[in-house]
Amino acid sequence: MPPRAPNPYRPGFNQAPARLVGRDAVITAATEALEIAALDGRTPRPLLLVGPRGVGKTVSLGEIATLAGQEHGWPTVAVELRPGTPFTPELVERLQAAATLLGQATVEKSGRLSVSGGKVTARVLGVGGEVHVRHTQGGPAAVPLDEALTAAAEAAVACGGGLVVTVDELQLADRAELADLAAVLQQHVGDHWPLVVAGAGLPSLRERDRSVTYLERGEWHELGLLGRADTVEALTGPAADADRPMDEEAAKVLADASGGYPYAIQVLGHHAWRASHGQERIEAEHARAALAAAQRDLSAGLYASRWNDASPKEREYLAALARLPEGSGGGDVARKLGEPTSKVSYLRDRLIKKGTLFPERGALRFLVPGMAQWVREHAEP
Ligand SMILES: Nc1ncnc2c1ncn2[C@@H]1O[C@H](COP(=O)(O)OP(=O)(O)OP(=O)(O)O)[C@@H](O)[C@H]1O
Ligand SMILES: [Mg+2]
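Each residue of the sequence shown is one higher than the one before, starting from 91 at the first, in this note's numbering.
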């Protein structure tokens with residue numbers, strides 16, 4: 091038996107894929123923002139990534155941190171919001187750690203930052219360095235956000251470096267807390283800080299808080315399903331890199347089953363890899379053998395959570411759509427429900443916003459592949 095090669099697919103939330111494909115617009119924007127901050131001495135607009143669950147918002151934020159580390163040696167302060175929990179104390183604490191870190195940094199000849207000695211290891215300023223603080227106490231922040239951010243930015247200026255701040259799950263932010271963060275950032279736009287801010291959240295983020303002009307003026311990127319060529323690359327790339335290439339037919343089977351949904355791509359790739367254990371290639375039979383297991387994994391989490399998350403009216407809408415032929419749109423669903431389109435379009439909008447449905451060229455699709463069938467078989471409207 092050959093040694094068990096590590097599986098190159100990453101079927102889990104927040105797990106960076108071996109190949110992050112189809113996100114060139116975000117990567118280009120992040121590269122530009124970093125250059126504006128590092129070279130032009132201006133503070134770029136914030137980058138805001140929105141999209142439904144499982145399309146790669148978190149891993150794209152991680153990629154921005156990696157870029158900052160690789161290209162400039164800059165550290166990243168990353169916070170992820172949790173329901174009903176203020177994020178400012180954690181942000182403040184991490185900004186303070188970043189200020190300490192930057193205070194110990196020097197610029198190398200290459201222009202990169204490095205840290206010599208000190209309490210915080212140089213490693214965190216390396217590739218994709220994130221500033222971690224061992225534990226975060228709840229309760230009010232020790233110093234105001236403005237003070238912590240100013241200290242970190244000034245430390246960055248002083249050492250000739252810079253700083254990235256990422257905020258994930260922004261849609262969970264309390265209105266006032268989000269407005270405070272935006273106000274602090276807005277207030278310093280003219281200070282020419284070497285600071286790149288990136289946020290991510292569900293599409294509902296776009297609808298709310300229009301009053302927060304700082305966010306409105308941000309550079310918004312909508313992440314969605316991957317196109318066919320990107321899907322195939324996301325499937326075949328990791329296999330090729332791991333020395334067990336995937337046949338064209340196998341890639342086709344898996345790409346069809348994934349519908350271009352990034353999370354499903356990783357789950358399918360993972361099971362095809364397992365099914366081809368001990369073989370030199372991933373072939374169509376392995377891909378087909380993987381489908382059932384992948385479907386079970388996907389359904390366990392994704393279908394049920396979305397269905398449970400839907401109101402009775404939304405369930406009626408989903409059940410109707412699931413029983414229509416592929417390519418049907420909102421008008422068809424309304425007809426099936428026996429209602430005028432205008433009367434049920436709010437359900438369509440809500441389900442899109444929640445990331446259960448996805449509009450595509452006039453048609454409505456279930457975002458998670460296979461969910462239509464699951465609804466037909468399991469769901470009591
Ligand atoms: N561009 C991509 N190419 C290939 N795989 C990807 C890509 N983007 C994300 N993935 C994979 O999709 C899965 C979900 O990624 P991630 O956790 O970043 O999604 P998310 O949008 O943050 O979801 P949530 O809204 O639930 O937080 C992971 O398994 C990741 O490896
Ligand atoms: Mg995420």
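Virtual Cβ for every residue (Gly too), placed ideally from N, Cα, C.
Check this for me: beta carbons of residue i and residue j, under 7 Å apart or not?
i       : j       : result
Leu-358 : Ser-348 : yes
Val-145 : Pro-293 : no
Gly-445 : Arg-184 : no
Glu-102 : Leu-313 : According to the sequence as given, residue 102 is Gly; it is not Glu. Contact: no.
Leu-106 : Val-149 : The sequence given here has Ala at residue 106, not Leu. Cβ distance < 7 Å, so Ala-106 and Val-149 count as in contact.
Ile-355 : Ala-362 : no
Ala-195 : Gly-252 : no
Arg-109 : Ala-324 : yes
Leu-427 : Ala-409 : no
Ala-123 : Val-343 : no
Leu-192 : Cys-249 : yes
Thr-256 : Ala-189 : no
Ala-453 : Pro-284 : no
Val-277 : Ala-238 : Correcting the residue type first, residue 277 is Gln in the shown sequence and not Val. No; because the gap between Cβ atoms is not below 7 Å, this pair is not in contact.
Glu-339 : Ala-374 : yes
Val-458 : Leu-392 : yes
What are the partner residues of residue i, as DSSP defines its beta bridges?
i       : result
Asp-258 : Glu-170
Leu-454 : Pro-449
Leu-472 : Because the chain spans 91 through 471 in this model, residue 472 falls outside it and cannot be assessed.
For residue i and residue j, what's the separation of their Cα atoms in angstroms?
i       : j       : result
Trp-310 : Phe-448 : 18 Å
Gln-472 : Lys-147 : For residue 472 there is no data in the structure shown, the boundaries of the chain being 91 and 471.
His-360 : Pro-98  : 7 Å
Arg-378 : Asp-399 : 31 Å
Thr-178 : Leu-235 : 7 Å
Gly-38  : Leu-151 : Only positions 91 to 471 of the chain appear in the structure, and residue 38 is not among them; the question remains open.
Leu-271 : Arg-113 : 27 Å
Gln-463 : Ala-412 : 7 Å
Asp-264 : Asp-337 : 48 Å
Leu-441 : Gly-289 : 23 Å
His-376 : Ala-329 : 13 Å
His-468 : Leu-437 : 21 Å
Leu-137 : Ala-120 : 7 Å
Arg-364 : Pro-165 : 36 Å
Thr-211 : Arg-334 : In this predicted model, Thr-211 has a pLDDT of only 38, less than 50, meaning its place in the structure is not dependable; the value taken from the coordinates is given anyway. The straight-line gap from Cα to Cα measures roughly 37 Å.
Asp-320 : Ala-390 : 26 Å
Gly-350 : Met-461 : 14 Å
Arg-455 : Glu-416 : 8 Å
Asp-258 : Pro-176 : 13 Å
Val-434 : Ala-424 : 6 Å
Ala-269 : Glu-297 : 15 Å
Glu-306 : Glu-153 : 23 Å
Thr-326 : Ala-155 : 25 Å
Val-254 : Ala-246 : 10 Å
His-162 : Ile-117 : 15 Å
Gly-421 : Glu-429 : 9 Å
Ala-345 : Leu-414 : 23 Å
Gln-385 : Val-274 : 46 Å
Lys-332 : Ala-380 : Residue identity differs from the one stated: residue 332 is Ala in this sequence, not Lys. Cα to Cα, the separation comes out at about 18 Å.
Glu-370 : Ala-341 : 15 Å
Trp-397 : Thr-431 : 22 Å
Asn-104 : Glu-244 : 31 Å
Thr-240 : Glu-267 : 18 Å
Val-472 : Ala-242 : Given a span of 91 to 471 for the chain in the structure shown, any question on residue 472 remains unanswerable.
Arg-451 : Gly-419 : 9 Å
Ala-115 : Leu-139 : 11 Å
His-282 : Gly-368 : 56 Å
Leu-315 : Lys-443 : 15 Å
Tyr-302 : Ala-394 : Looking at the sequence shown, residue 302 is not Tyr but Val. Val-302 and Ala-394: Cα-Cα distance of roughly 34 Å.
Ser-401 : Asp-439 : 13 Å
Gly-216 : Gly-159 : Below a pLDDT of 50, predicted positions are generally treated as unreliable, and Gly-216, at 42, falls in that range; the measurement from the model is reported next regardless. Approximately 5 Å between the Cα atoms of the pair.
Val-214 : Ala-232 : With a pLDDT of 43 at Val-214, under the threshold of 50, the modelled position of that residue is not reliable, and the figure given next carries that caveat. Cα-Cα distance, rounded: 24 Å.
Leu-388 : Gly-280 : 47 Å
Worksheet entry | Ranges of the beta strand (DSSP E) found wholly within the segment 288-365, counting only runs of at least 3 | Taking only runs of at least 3 residues, the beta strand (DSSP E) segments lying wholly in the segment 288-365 are 309-312.
Worksheet item: Is it a yes or a no for the segment 169-188 touching the segment 126-135, going by three-plus beta-carbon pairs under 8 Å?
Response: At 8 Å Cβ cutoff, the stretches do not touch.
Item to complete: Taking only runs that begin and end inside the segment 124-156, name each unbroken beta strand (DSSP E) of 3 or more residues, in chain order.
Response: As for any beta strand (DSSP E) of minimum length 3 sitting wholly inside the segment 124-156, the runs are 137-140, ordered along the chain.
Worksheet item: Which runs of the beta strand (DSSP E) spanning at least 3 residues fall entirely within the segment 372-440, listed in chain order?
Response: Runs found: none.
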